[in-house]
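Student:
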Amino acid sequence: MQLDQSSPAVWCKGLVRTFGEKVAVNNLDLSIAPGEFYGLLGPNGAGKTTTIKMIVGLLRPDEGRAGIGDCDTWKDPTLAKSRIGVLPEEFNLYERLTGAELIEFAAAVHGVDRNVTADRRDELLCLLDLEQDANKVIGDYSRGMRKKAALAAAVIHSPPVLFLDEPFEGVDAISARLIRRLLQRYTETGATVIFSSHVMELVEKLCTRIGIMVDGRLEIEATPGELMEKFDASDVEGAFLAAVGANEPTEGLDWLKSPE
Amino acid sequence: MSNTASLVWLKWRLLVNGIRNDRTRAIGFPIIVLGVTWLGVFLNRTFVSSAQSLDPALIGEYSVLVAAIGTILWATIPVMIFPVDETLDPAKFSTLPFSRRQLIVGLAAAGLVTPPILAPAIALGANFVLFGSGPSIVITLMGYLLLLISVAVVGQSFTTGFSIIVKSRRGRDLVMLGVVAIGVALYSAQAFVAEKIGEIGLAGTIIEYGPGNLILALPPAAAQAAVVAGSDGRYLTSAGLMALTVGELVILGYAWHWMLDRLTTNPEQTQTKSVTRMKPMTAVRGWSTTSVVFRKELRLYVRDPRMRMVWTGGVIFLGILGAGVILDSPQLNLIRDSDWAVLTAPGVVLFVGLPIALNQFGWERRAASFLFALPAKPRDILLGKNAATALILTLEATLMTLAIAWLSDGWHLLWISPAVLLTAALIQLAIGNLASVLAPLRLPDMGTDVFSQASEHGFLAILSQLISFFLIGLCMVPVATAFTLSIGYLEGLYLGWVIFFSVLWGALLYGIGLWAASRLLQRRLPEVLKWVSIV
Numbered sequence: 019m020q021l022d023q024s025s026p027a028v029w030c031k032g033l034v035r036t037f038g039e040k041v042a043v044n045n046l047d048l049s050i051a052p053g054e055f056y057g058l059l060g061p062n063g064a065g066k067t068t069t070i071k072m073i074v075g076l077l078r079p080d081e082g083r084a085g086i087g088d089c090d091t092w093k094d095p096t097l098a099k100s101r102i103g104v105l106p107e108e109f110n111l112y113e114r115l116t117g118a119e120l121i122e123f124a125a126a127v128h129g130v131d132r133n134v135t136a137d138r139r140d141e142l143l144c145l146l147d148l149e150q151d152a153n154k155v156i157g158d159y160s161r162g163m164r165k166k167a168a169l170a171a172a173v174i175h176s177p178p179v180l181f182l183d184e185p186f187e188g189v190d191a192i193s194a195r196l197i198r199r200l201l202q203r204y205t206e207t208g209a210t211v212i213f214s215s216h217v218m219e220l221v222e223k224l225c226t227r228i229g230i231m232v233d234g235r236l237e238i239e240a241t242p243g244e245l246m247e248k249f250d251a252s253d254v255e256g257a258f259l260a261a262v263g264a265n266e267p268t269e270g271l272d273w274l275k276s277p278e
Numbered sequence: 137m138s139n140t141a142s143l144v145w146l147k148w149r150l151l152v153n154g155i156r157n158d159r160t161r162a163i164g165f166p167i168i169v170l171g172v173t174w175l176g177v178f179l180n181r182t183f184v185s186s187a188q189s190l191d192p193a194l195i196g197e198y199s200v201l202v203a204a205i206g207t208i209l210w211a212t213i214p215v216m217i218f219p220v221d222e223t224l225d226p227a228k229f230s231t232l233p234f235s236r237r238q239l240i241v242g243l244a245a246a247g248l249v250t251p252p253i254l255a256p257a258i259a260l261g262a263n264f265v266l267f268g269s270g271p272s273i274v275i276t277l278m279g280y281l282l283l284l285i286s287v288a289v290v291g292q293s294f295t296t297g298f299s300i301i302v303k304s305r306r307g308r309d310l311v312m313l314g315v316v317a318i319g320v321a322l323y324s325a326q327a328f329v330a331e332k333i334g335e336i337g338l339a340g341t342i343i344e345y346g347p348g349n350l351i352l353a354l355p356p357a358a359a360q361a362a363v364v365a366g367s368d369g370r371y372l373t374s375a376g377l378m379a380l381t382v383g384e385l386v387i388l389g390y391a392w393h394w395m396l397d398r399l400t401t402n403p404e405q406t407q408t409k410s411v412t413r414m415k416p417m418t419a420v421r422g423w424s425t426t427s428v429v430f431r432k433e434l435r436l437y438v439r440d441p442r443m444r445m446v447w448t449g450g451v452i453f454l455g456i457l458g459a460g461v462i463l464d465s466p467q468l469n470l471i472r473d474s475d476w477a478v479l480t481a482p483g484v485v486l487f488v489g490l491p492i493a494l495n496q497f498g499w500e501r502r503a504a505s506f507l508f509a510l511p512a513k514p515r516d517i518l519l520g521k522n523a524a525t526a527l528i529l530t531l532e533a534t535l536m537t538l539a540i541a542w543l544s545d546g547w548h549l550l551w552i553s554p555a556v557l558l559t560a561a562l563i564q565l566a567i568g569n570l571a572s573v574l575a576p577l578r579l580p581d582m583g584t585d586v587f588s589q590a591s592e593h594g595f596l597a598i599l600s601q602l603i604s605f606f607l608i609g610l611c612m613v614p615v616a617t618a619f620t621l622s623i624g625y626l627e628g629l630y631l632g633w634v635i636f637f638s639v640l641w642g643a644l645l646y647g648i649g650l651w652a653a654s655r656l657l658q659r660r661l662p663e664v665l666k667w668v669s670i671v
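Line by line, the protein sequences give chains A and B. Letter by letter, the first sequence follows residues 19 to 278 of my numbering. Letter by letter, the second sequence follows residues 137 to 671 of my numbering.
#1: Out of curiosity, what's the CA-to-CA distance linking A/Gly286 and A/Lys31?
#2: Listing by chain order, which chain B residues have their CB less than 9 Å from the CB of A/Leu77?
#3: Going by the DSSP bridge assignment, what does A/Glu81 pair with across the sheet?
#4: Along the alpha helix (DSSP H) that carries A/Tyr204, what are the first and last residues, could you check?
#5: Can you list, in chain order, the residues of its chain with a C-beta nearer than 6 Å to that of B/Thr584? Leave out the 5 residues immediately preceding and following it.
#6: If you follow the beta strand (DSSP E) that B/Val241 is in, where does it begin and where does it stop?
#7: Give me the Cα-Cα distance between B/Val446 and B/Asn569, rounded to the nearest whole angstrom.
#8: Within its chain, find whatever has a CB closer than 7 Å to the CB of B/Trp148; leave out the 5 residues flanking it on each side and keep chain order.
#9: In whole angstroms, give me the CA-to-CA distance for B/Leu354 and B/Asn139.
#10: Can you confirm whether the region 430-440 of chain B touches the region 508-524 of chain B when touching is taken to mean that 3 or more C-beta pairs between the two stretches lie within less than 8 Å?
#11: Is B/Thr525 close to chain A, meaning its C-beta is less than 9 Å from at least one C-beta of that chain?
#12: Along the region 421-446 of chain B, what residues have a CB closer than 7 Å to any CB found in chain A?
#13: Report yes or no: do three or more beta-carbon pairs, one from the region 50-62 of chain A and one from the region 20-40 of chain A, lie closer than 8 Å?
#14: In chain order, what residues of the same chain lie with their CB nearer than 8 Å to the CB of B/Ile351, ignoring the 5 residues before and after it?
#15: Flag this pair as yes or no: are the beta carbons of B/Tyr630 and B/Leu565 separated by less than 9 Å?
#16: Since A/Ala264 and A/Glu237 are thought to touch, with beta carbons under 8 Å apart, how far apart are those beta carbons, to the nearest angstrom?
#17: How far does the beta strand (DSSP E) with A/Ala240 in it extend, from its first residue to its last?
#18: What does B/Phe508 reach in chain A if we use C-beta pairs closer than 7 Å?
#19: Who are the neighbours of A/Ser100 on chain B, taking C-beta pairs under 9 Å?
#20: According to DSSP, is A/Trp273 helix, strand or coil?
#21: Give every residue of the same chain whose Cβ lies closer than 7 Å to the Cβ of B/Gly498, excluding the five residues on either side of it in the sequence, and list them in chain order.
#22: What did DSSP end up calling A/Phe186 once you bin it into helix, strand or coil?
#23: Name, please, each residue of chain B whose Cβ falls closer than 7 Å to the Cβ of A/Phe258.
#24: Applying the criterion that 16 or more other CB atoms from any shown protein chain within 10 Å of the CB defines a buried residue, is B/Ile517 buried or exposed?
#25: Per DSSP, which residues does A/Lys40 bridge with? Please list them.
#26: If distances are taken between C-alpha atoms only, which option among B/Glu197, B/Pro441 and B/Trp542 comes closest to B/Asp473?
#27: Measuring CA to CA, which of B/His548, B/Ala643, B/Gly337 and B/Ser638 is closest to B/Glu627?
#28: Taking the C-alpha atoms as reference points, what is the distance between B/Thr426 and B/Gln658?
#29: Quick one: is A/Thr91 buried, meaning 16 or more other Cβ sit within 10 Å of its Cβ, or exposed?
#30: Between B/Phe453 and B/Val484, is the Cβ-Cβ spacing less than 9 Å?
#31: Does the CB of A/Ala27 have a neighbour CB from chain B at under 9 Å?
#32: Could you tell me whether the region 167-179 of chain A touches the region 102-115 of chain A, where touching means 3 or more Cβ pairs closer than 8 Å?
#33: Quick one: which residues of the region 122-133 of chain A get their C-beta closer than 7 Å to a C-beta of chain B? List them in chain order.
#34: At 8 Å on the CB atoms, spell out the chain B contacts of A/Val41, in chain order.
#35: Output needed for B/Ala643: all residues of its chain with C-beta closer than 7 Å, excluding positions within five of it in sequence on either side, in chain order.
#36: Between the Cα of A/Gly85 and the Cα atoms of A/Leu274, A/Arg227, A/Ile230 and A/Phe181, which residue gives the shortest distance?
If you want it as structure tokens, here you go:
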């Protein structure tokens, strides 16, 4: 399934979400073009996960709209979900399904043909080095294996838009390389990726555009190069820290040196 | 604040914060307090009146028996059904520097900061009526406090022991047998005592089958015996029994600590072999959302021990039936003498299946966010889930029906049973779908298993299920009436029509329920997700 190239692949307008007193997302506007590898950055609690959840239809916004291509997520959630793959931050998987079954389940719900599914499943399991463990239940998987299984389930239907929330968190270097390899192949097809991560090195390497959220607002949007230039930083990490106003702690905590 | 006090404080904060921050807990708390208070008063009165009906010489022995049996029930029932309160999870503070004594004393004390303790506290207050007059009141008070602490310690250490079993996957797989065994043992004991009381009366049963001094090995029994001895003026014996209780509690405390140590330091056994190979989903005909949800559910029914525990209810019933047959229990005459007994099997099974049928999405737990992120239509999800539930219901009801038909010799009504089951299942699923969307119940994550079904939401869970069960019963009234009229009064006249219209009625209600629930789910999907995925 391809999206109309003339309209944004992912968008939201005036998105607001509060949790009690806390405004998690504050009047957020976002427009991501087809084919972009968009990095959504921000410190903890900036509203990145909340934003992604509202765009993919898992969390109802208090105000505003969000959508995939020409489809409003909250008007036709089924259509919107058929266009996306989601790798959530938390491992919300079926512990008692095997890795292979999880992928098959996702494929079937996305309407992928049975034979196509079998081929893609085997290819993904091979690429992500999960072949040996394909018939083990996910409850027995390590963190990295779960992440890879969830990623395979997210891309089995070759969605035009992929949401990745902290895909490299808690993942070892080998698994990270495999995931990166899969993402590189995936983006070569011209698909859109929305990527939230704290691993700045990868953000710099993979993303074509970066949005930085602070306190529920989108403060800056730029390419990695523009960002580094704007903050006079040698890398994206330096630019990010400058953008969110993070300061190095210079004093205090002296008591840590002489514990009682 | 001492470490012991800090655990009591922690339990108190969990309780208070739970009530403040969670509307359902806020609603459920006063209800549960009222419920357990009523239960305590009822047990207290029953205890006092039954004791006062005995020869005064037997009251002491009787009260010791009641304390022992009450404690066993207190410890086992939460495992059999579900607790109404969440206990402190020692794994969460296993990195903190608690000494063995601090941990055990703290946990025992924290075990008293819970609404359900009101029931035994009030029930055991009968001691003050039976033994508390005169100078022995001080001993009664001391014995009463020891008794209460014993109840809390025995209950929590039993729960910990059970946790060790369910911590490993194999243990979780085997726990079903343990629960069936406990159920059958409790029923057998109850049937035996009931039969003996019927034959030789309560006093005769105590004299003939009293457990003697051996029962004092149980701390609550020893504490109760101390109260009795104090009321008789045998102060030295009373002091000795109290010392015995404390000694037993110390030993139990060591055992409890050993179990906690194993629980918090032994990692869960990992399963290295692959699961039983089932036909790959891709190899099965039917590749629609409904069919894959159906197959996914079936796999979970087979593999998830907590789901299996729900269906075990029917197995417990069969176990109890078997025990009744072996013991030749007169209570089975209700089934043996009833022409209609065979038609009640679907009812039993439906009751067993309620926790799943009425909370379809709660069982998804956090995986609901995986399911709901997929482009599945709510109607297809519900249909797939319903089909799996119906299949399990049918299998279990068939077993149950055959068992009851054999017991009651009700083979002639066997052919009607499928129609009754189908109608009842359709009605249950219709109401269940609506309840699942309107009032989903959260379940805790893997690892806490059987005895954390609903923590303090237990009472609300029961309440919502009772209301739904009442609605199911209400919808079944016309069906039951028609069958009763046809079979009971008209010698089977119009039975074919009754069957036809019953199934039609069930199908109609199911259709309406599915239609409404699908639309509600479409609108309420984030709310359902939020509700079921919080652990």
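Note that beta-carbon positions come from the ideal geometry of N, C-alpha and C, so glycine has one too.
Tutor: Let's see:
#1: The displayed coordinates of chain A run from 19 to 278. Any statement about residue 286 of chain A would go beyond what the structure contains.
#2: Here residue 77 of chain A is taken as the residue at index 59 of the first sequence, counted from 1. Within 9 Å Cβ-Cβ: Pro662, Leu665 and Lys666.
#3: One-based indexing of the first sequence puts residue 81 of chain A at position 63. Partner(s): A/Val34.
#4: As a working note, residue 204 of chain A is residue 186 in the first sequence. Looking at the DSSP string, the run of the alpha helix (DSSP H) that includes A/Tyr204 is Ala191 to Thr205.
#5: Along the second sequence, one-based indexing puts residue 584 of chain B at 448. The pLDDT assigned to B/Thr584 is 35, lower than 50, so where the model puts this residue is not dependable; a value taken from the coordinates is nonetheless given after this. No residues qualify anywhere along the chain.
#6: Translated into the one-based positions of the second sequence, residue 241 of chain B becomes position 105. Element bounds for B/Val241: not the beta strand (DSSP E) but the alpha helix (DSSP H), Arg236 to Ala246.
#7: One-based indexing of the second sequence puts residue 446 of chain B at position 310. One-based indexing of the second sequence puts residue 569 of chain B at position 433. Rounded to the nearest angstrom, the two C-alpha atoms are 18 Å apart.
#8: Numbered from 1 along the second sequence, position 12 holds the residue referred to as residue 148 of chain B. Correct list, in chain order: Val249.
#9: If you number the second sequence from 1, residue 354 of chain B lands on position 218. If you number the second sequence from 1, residue 139 of chain B lands on position 3. Each residue's alpha carbon lies about 28 Å from the other.
#10: yes
#11: For the purposes of this step, residue 525 of chain B is taken as residue 389 along the second sequence, with counting starting at 1. No, no contact with chain A.
#12: Trp423, Thr425, Val428, Lys432, Arg435, Leu436, Arg439 and Asp440
#13: yes
#14: Here residue 351 of chain B refers to the residue found at position 215 when the second sequence is read from its first residue. The answer, listed in chain order, is Val200, Leu201, Ala204 and Ala357.
#15: Reading the second sequence from its first residue, position 494 is the one you call residue 630 of chain B. Reading the second sequence from its first residue, position 429 is the one you call residue 565 of chain B. No; because the gap between Cβ atoms is not below 9 Å, this pair is not in contact.
#16: Counted from its first residue, the first sequence places residue 264 of chain A at position 246. Counted from its first residue, the first sequence places residue 237 of chain A at position 219. Between A/Glu237 and A/Ala264 the Cβ distance is about 13 Å, and since that is not below 8 Å, they are no contact.
#17: Within the first sequence, residue 240 of chain A is the residue found at index 222, counting from 1. Per DSSP, A/Ala240 belongs to the beta strand (DSSP E) from Arg235 to Ala240.
#18: Residue mapping note: residue 508 of chain B aligns to position 372 of the second sequence, counting from 1. The answer, in chain order, is Leu76.
#19: Mapped onto the first sequence, residue 100 of chain A falls at position 82. Those are Leu510 and Pro511, listed as they occur along chain B.
#20: Here residue 273 of chain A refers to the residue found at position 255 of the first sequence. In the structure shown, A/Trp273 sits in a helix (DSSP, three-state: H, G or I).
#21: Looking up residue 498 of chain B in the second sequence gives position 362. For B/Gly498, where only same-chain residues beyond five positions count, the Cβ hits under 7 Å are Pro576, Leu577, Arg578, Leu579 and Val668.
#22: Residue 186 of chain A sits at position 168 when you count from the first residue of the first sequence. Here A/Phe186 sits in coil by DSSP.
#23: As a working note, residue 258 of chain A is residue 240 in the first sequence. None at all; the shortest Cβ gap to chain B is about 28 Å.
#24: Start at 1 with the first residue of the second sequence, and residue 517 of chain B comes out as number 381. With 16 or more other Cβ atoms within 10 Å, it is buried.
#25: On the first sequence, position 22 is the one that residue 40 of chain A refers to. According to DSSP, A/Lys40 bridges with A/Phe37.
#26: Sequence index remark: in the second sequence, residue 473 of chain B carries index 337 (1-based). Of the listed residues, the one whose Cα sits closest to B/Asp473 is B/Trp542.
#27: In the second sequence, the residue the question calls residue 627 of chain B occupies position 491. The residue with the shortest Cα to Cα distance from B/Glu627 is B/His548.
#28: Here residue 426 of chain B refers to the residue found at position 290 when the second sequence is read from its first residue. Here residue 658 of chain B refers to the residue found at position 522 when the second sequence is read from its first residue. Distance between the alpha carbons of B/Thr426 and B/Gln658 is about 16 Å.
#29: Numbered from its first residue, the first sequence carries residue 91 of chain A at position 73. Buried is the call here.
#30: Your numbering for residue 453 of chain B matches position 317 in the second sequence. Your numbering for residue 484 of chain B matches position 348 in the second sequence. Yes. Within cutoff.
#31: Residue mapping note: residue 27 of chain A aligns to position 9 of the first sequence, counting from 1. No - not a single Cβ of chain B is within 9 Å of the one on A/Ala27.
#32: yes
#33: Glu122, Phe123, Ala124, Ala126, Val127, His128 and Arg132
#34: Looking up residue 41 of chain A in the first sequence gives position 23. Ordered by position in chain B, no residue passes the 8 Å Cβ test against A/Val41, which lies about 18 Å from the chain.
#35: Residue mapping note: residue 643 of chain B aligns to position 507 of the second sequence, counting from 1. Excluding sequence neighbours, B/Ala643 sits near Leu562.
#36: What you label residue 85 of chain A is simply residue 67 of the first sequence in a count that begins at 1. For the residues A/Leu274, A/Arg227, A/Ile230 and A/Phe181, the minimum Cα distance to A/Gly85 belongs to A/Phe181.
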